[in-house]
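Participant: Below is the structure I would like to discuss, written out as structure tokens.
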């Protein structure tokens, strides 16, 4: 029971990370495309400047939470996804210094360099995150002790010897990139004004169609590859609220209201991620070859005391963190000039 | 897995050592900036406001490098040390998650307001933002040192049927007796770095005859902080060493280069440990001092390395011995420099004493060396255990990750960190060149 609760909390913190850091990743991925002048680029960065670091903390808090709530999952997945994870870390380094160092020197050599670093690292991270999620949904070749090591790619087919990249994980990677591009574009549209805001809005409307096609394809592929998903939706039909949230969010992104469209995008991302979590439950890392080797919330969790006492500090701590975030976002309300 | 182990250890040692160059300045400066802002608030002296703003810019650059080099650390437990994470994640994951939840959110939320919100928040609000950033950074230090303290001296855990360690008492984890000395010792080490860097910058400005009014503020604040930190480093280091004697006696023998058990054991000031022959070559000894320092009794017996089986000796005795002696030696020199400068400061002669200004200006690398050597002492002293007495380092790394993969990513980190180091130097140089007294310039 307490393991199920922690599964939900980990899903919440990951969804929180994707919704929050997602908009600054998306803003980064479209940075060079929508912001044409030096002033526009400064405004895109100003729209995320005071909040991006706090958004990224959700990743660290999520990693820590995953670590103590499901240590066997943390150990198995981080060592098994060794190479792509290291690349993610390097991209996070490039992205962090690109944002923080860019404005130190106003020079036609310095700023474009960091603008490019910000854009490339943001876009690639969006693809990597999608591919990572897809690897978890598809499953990995776990051995009896719960370990695996995946090469970057094999023959691009799913099956019992997949790579990090196969047709499915690439599909989800591209879906993730387009979802975060729309998310980031709607944020830039909401936080800026004039031509920049209009261009970002146009960008979001264009990519929205692609996002729709990819969402359908990804949903079909996921049901095909992971039988647990259809089993869960059949056994617990109330779980349909998660995909319905995603659909409502998807349709809501077309709204004229800038904030409403952005919040719809938040709902879409949260709906998609919770749908995936609901679909694989109780697995946290399915096995492709031998279902019995899969990691579940039961065999990946530690002694119950740690999970119980964890609730006692985790919930007030996250409430406090939410309080700071509300304070910062309110201080920072309105459009950037 | 055998050869990968050495690569895994080097991988963590490199990324952790490089990373800690930045947080030590962040945590030290955070306190000193709160001090500068407190003086500014109480006296209304504009110089102190500007001094605080100048150090906030240095802080921001340093903080950014600390964050991006810190993120990998949390993931490396899983990538390179999966058997450790699997068996101990239920315990160490608690403190690492607490760091994220209780300190990173606090720090990141108020850092933006501290750096860009001085006009928005007003003087008192801005002081509060600085204080919250300080609190966040020191809480972060607490949770990290608590994690290390548990690996040095595991408390509050139980072992499950599969051999994995689970948390049995949160209080025993957070009130670990090891932590009670190690945490203040580590924080004071950070204050020493911040204080010497500040005093060194002030001495540079006085020698170069630029921004002299600020140079004097930096020197006075830095020397005061350095004296405070170095005296309490001595006291907490003594407490820490007695914890080592109590919980890791074989490590005590190795750090002190004591090979044979002795009553009234001498303290080795100099000497080279020869682990093959089992003796300290060319020693300079203070008779009976080690017995007194360890047990407060001149004739007490201190056990030497030869009384312990080889398989519980730390596996790098000379490196451990030298690290410890460099830390202690530098700590002693810090007290001397800070005390002489403080006396000269009170006599009103420090700002005109070229020799002392030069010593201060050249002092800044040494607290970095001492902090690094201190962590090397702690972590090499923990060997051959990953969790002292219950999990060997050789049983903790990732079985599936080959040596080649570890070396490849280690070289990658080395390259990236070299570029980061150069960028840091370049941007810090620009801030020092611009100085605290010039035209205000938006960051």
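Chains as they are written, first to last, in this note's numbering: chain A, 28 to 364; chain B, 579 to 1021.
Heads up, the beta-carbon is just placed ideally off N, CA and C, and yes, glycines get one too.
Note that the coordinates shown come from a computational prediction; the quantities given were computed from them, not determined experimentally.
#1: Going by CA-CA distance only, name the one from 64/A, 117/A and 70/A that's closest to residue 54/A.
#2: Suppose only complete runs of 3+ residues qualify. What are the beta strand (DSSP E) ranges in the stretch 941-995 of chain B, listed by chain order?
#3: Using the beta-carbon of each residue, which ones in chain B are nearer than 7 Å to residue 348/A?
#4: Looking at chain B, which residues of the stretch 150-184 of chain A have a Cβ within less than 7 Å of any of its Cβ atoms?
#5: Answer yes or no: do residue 164/A and residue 253/A have a C-beta to C-beta separation smaller than 7 Å?
#6: With DSSP collapsed to three states, give me the class of residue 849/B.
#7: In angstroms, rounded to a whole number, what distance separates the CA positions of residue 72/A and residue 832/B?
#8: Can you list the residues of chain B that residue 354/A reaches, using a CB-CB cut of under 8 Å?
#9: Tell me, please, which residues DSSP counts as bridged to residue 857/B.
#10: Between residue 103/A and residue 175/A, which are expected to be in contact by the criterion C-beta below 8 Å, what is the C-beta distance as a whole number of angstroms?
#11: Can you tell me whether residue 335/A is buried or exposed? The criterion is at least 16 other CB atoms within 10 Å of its CB, across all chains shown.
#12: Between the Cα of residue 964/B and the Cα atoms of 666/B, 749/B, 694/B and 740/B, which residue gives the shortest distance?
#13: Can you confirm whether residue 737/B, when its beta carbon is compared against all beta carbons of chain A, has any partner nearer than 7 Å?
#14: So, is the C-beta of residue 324/A closer than 7 Å to a C-beta in chain B?
#15: Please tell me whether residue 1019/B has its Cβ less than 7 Å away from any Cβ of chain A.
#16: Excluding five sequence neighbours on each side, which residues of the same chain lie with their C-beta closer than 6 Å to the C-beta of residue 779/B?
#17: Once the 5 residues before and after residue 351/A are set aside, which same chain residues still bring their CB inside 8 Å of it?
#18: Could you tell me the distance, in whole angstroms, from the CA atom of residue 68/A to the CA atom of residue 145/A?
#19: Which ranges would you report for the alpha helix (DSSP H) in the stretch 709-760 of chain B if only whole runs of at least 4 residues count?
#20: May I ask you to verify whether the stretch 749-763 of chain B touches the stretch 928-939 of chain B, counting CB pairs closer than 8 Å and requiring at least 3?
#21: Listing by chain order, which chain A residues have their CB less than 7 Å from the CB of residue 977/B?
#22: For a cutoff of 7 Å on Cβ pairs, would you count residue 826/B as touching chain A?
#23: Applying a beta-carbon distance threshold of less than 8 Å, which residues of chain B neighbour residue 345/A?
#24: Excluding the 5 residues preceding and the 5 following residue 601/B in the sequence, name in chain order all residues of the same chain whose CB lies nearer than 8 Å to its CB.
#25: Count the other CB atoms, across all protein chains shown, that sit within 10 Å of the CB of residue 285/A; report buried if there are 16 or more and exposed otherwise.
#26: By the 10 Å Cβ neighbour count, where 16 or more other Cβ atoms means buried, how is residue 218/A classified, buried or exposed?
#27: Return the residues of the stretch 67-79 of chain A that lie within a Cβ-Cβ distance of less than 8 Å from chain B, sorted by chain order.
#28: For residue 1021/B, I'd like the list of residues in its chain whose CB is within less than 8 Å of its CB, leaving aside the five on either flank, ordered along the chain.
#29: Which residues in the same chain as residue 865/B place their Cβ atom closer than 8 Å to its Cβ, once the five residues preceding and following it in sequence are excluded?
#30: What's the C-alpha gap between residue 129/A and residue 65/A?
#31: Under a three-way DSSP split, which group does residue 864/B fall into?
#32: Less than 8 Å between C-beta atoms, sequence neighbours within five positions excluded: which residues of the same chain meet that for residue 785/B?
#33: Check residue 878/B in the structure and name its three-state DSSP category.
#34: Are residue 792/B and residue 629/B close, meaning C-beta to C-beta below 7 Å?
#35: Looking at the secondary structure, which residues open and close the beta strand (DSSP E) in which residue 908/B lies?
#36: According to the neighbour-count rule (16 or more other Cβ atoms, all chains shown, within 10 Å of its Cβ), is residue 837/B buried or exposed?
Facilitator: Taking the structure as given:
#1: Here the question's residue 54/A lines up with position 27 in the first chain. Taking only the C-alpha atoms, the option nearest residue 54/A is 70/A.
#2: Annotation: the stretch 941-995 of chain B contains the following complete segments of the beta strand (DSSP E) (minimum length 3 residues), in chain order: 963-965.
#3: As a position in the first chain, residue 348/A is number 321, starting the count at 1. The contacting residues are 679 and 683.
#4: Per Cβ criterion, the list reads 174, 175 and 176.
#5: For the purposes of this step, residue 164/A is taken as the residue at position 137 of the first chain. For the purposes of this step, residue 253/A is taken as the residue at position 226 of the first chain. Cβ atoms of residue 164/A and residue 253/A: closer than 7 Å.
#6: As a working note, residue 849/B is residue 271 in the second chain. Three-state DSSP puts residue 849/B in a strand.
#7: Within the first chain, residue 72/A is the residue found at index 45, counting from 1. Within the second chain, residue 832/B is the residue found at index 254, counting from 1. Each residue's alpha carbon lies about 53 Å from the other.
#8: Looking up residue 354/A in the first chain gives position 327. Taking a Cβ-Cβ cut-off of 8 Å, the neighbours of residue 354/A in chain B comprise 687, given in sequence order.
#9: Position 279 of the second chain, counted from the start, is the residue given in the question as residue 857/B. When beta bridges are read from the DSSP output, residue 857/B appears opposite 852/B.
#10: Within the first chain, residue 103/A is the residue found at index 76, counting from 1. Within the first chain, residue 175/A is the residue found at index 148, counting from 1. About 7 Å; that satisfies the 8 Å criterion.
#11: Mapped onto the first chain, residue 335/A falls at position 308. Within 10 angstroms of the beta-carbon of residue 335/A lie fewer than 16 other beta-carbons, which makes it exposed.
#12: Taking the second chain and counting its residues from 1, one reaches residue 964/B at position 386. That would be 666/B, whose Cα lies nearest to the Cα of residue 964/B.
#13: Counting from one through the second chain, the residue named residue 737/B turns up at place 159. No, residue 737/B does not count as interfacial toward chain A.
#14: As a working note, residue 324/A is residue 297 in the first chain. So no, residue 324/A is outside the interface.
#15: Taking the second chain and counting its residues from 1, the one referred to as residue 1019/B is at position 441. At residue 1019/B, the pLDDT of 48 sits below 50, so the modelled position is not reliable; the number obtained from the coordinates is stated separately. Between residue 1019/B and chain A, the shortest Cβ-Cβ separation is not below 7 Å.
#16: For the purposes of this step, residue 779/B is taken as the residue at position 201 of the second chain. Once the five neighbours on either side are set aside, the close Cβ partners of residue 779/B are 796.
#17: Translated into the one-based positions of the first chain, residue 351/A becomes position 324. Within the same chain, 81 come within 8 Å of residue 351/A by CB-CB distance, once the 5 residues on both sides are set aside.
#18: On the first chain, position 41 is the one that residue 68/A refers to. On the first chain, position 118 is the one that residue 145/A refers to. Taken atom to atom, the span from the alpha-carbon of residue 68/A to that of residue 145/A is near 11 Å.
#19: If only uninterrupted alpha helix (DSSP H) runs of at least 4 residues are considered, those enclosed by the stretch 709-760 of chain B are 748-752.
#20: Counting Cβ pairs under 8 Å, fewer than three are found: no touch.
#21: As a working mapping, residue 977/B is identified with position 399 in the second chain. By Cβ distance, chain A contributes 174.
#22: On the second chain, position 248 is the one that residue 826/B refers to. Judged by the 7 Å Cβ criterion, residue 826/B is not in contact with chain A.
#23: What you label residue 345/A is simply residue 318 of the first chain in a count that begins at 1. What residue 345/A touches in chain B: 679.
#24: Along the second chain, read from residue 1 onward, the residue named residue 601/B stands at position 23. Here the set comprises 644, 648, 715, 718, 719 and 768.
#25: By 1-based counting over the first chain, the position of residue 285/A is 258. The residue in question, residue 285/A, is buried, as its Cβ has 16 or more Cβ neighbours within 10 Å.
#26: Stepping through the first chain from its first residue, residue 218/A is reached at position 191. The residue is buried, with at least 16 neighbouring Cβ atoms inside 10 Å.
#27: Under the 8 Å Cβ criterion, the stretch 67-79 of chain A contributes 76, 77 and 78.
#28: Working through the second chain from its first residue, we reach residue 1021/B at position 443. Confidence in residue 1021/B is poor, its pLDDT being 44 and thus under 50, which makes the residue's placement unreliable; the coordinate value appears in the next sentence. Within the same chain, residue 1021/B has close Cβ partners 635, 638, 693 and 694.
#29: Working through the second chain from its first residue, we reach residue 865/B at position 287. Only residues of its own chain outside the window of five on either side were considered, and among them 842 and 844 have a CB closer than 8 Å to the CB of residue 865/B, listed in chain order.
#30: On the first chain, residue 129/A is found 102 positions in, with the first residue counted as 1. On the first chain, residue 65/A is found 38 positions in, with the first residue counted as 1. When rounded, the separation of the alpha-carbon atoms in residue 129/A and residue 65/A is 12 Å.
#31: Position 286 of the second chain, counted from the start, is the residue given in the question as residue 864/B. The DSSP-derived three-state label of residue 864/B is strand.
#32: Taking the second chain and counting its residues from 1, the one referred to as residue 785/B is at position 207. Only 932, 935, 936 and 939 meet the Cβ criterion.
#33: Within the second chain, numbered from 1, the residue matching residue 878/B stands at position 300. Coil.
#34: On the second chain, position 214 is the one that residue 792/B refers to. On the second chain, position 51 is the one that residue 629/B refers to. Pairing residue 792/B with residue 629/B gives a Cβ-Cβ distance under 7 Å.
#35: As a first step, residue 908/B is located in the second chain; it is residue number 330 there, counting from the start. Careful: residue 908/B lies outside any beta strand (DSSP E), inside the alpha helix (DSSP H) at 895-924.
#36: On the second chain, position 259 is the one that residue 837/B refers to. Here residue 837/B is buried, its C-beta having at least 16 other C-beta atoms within 10 Å.
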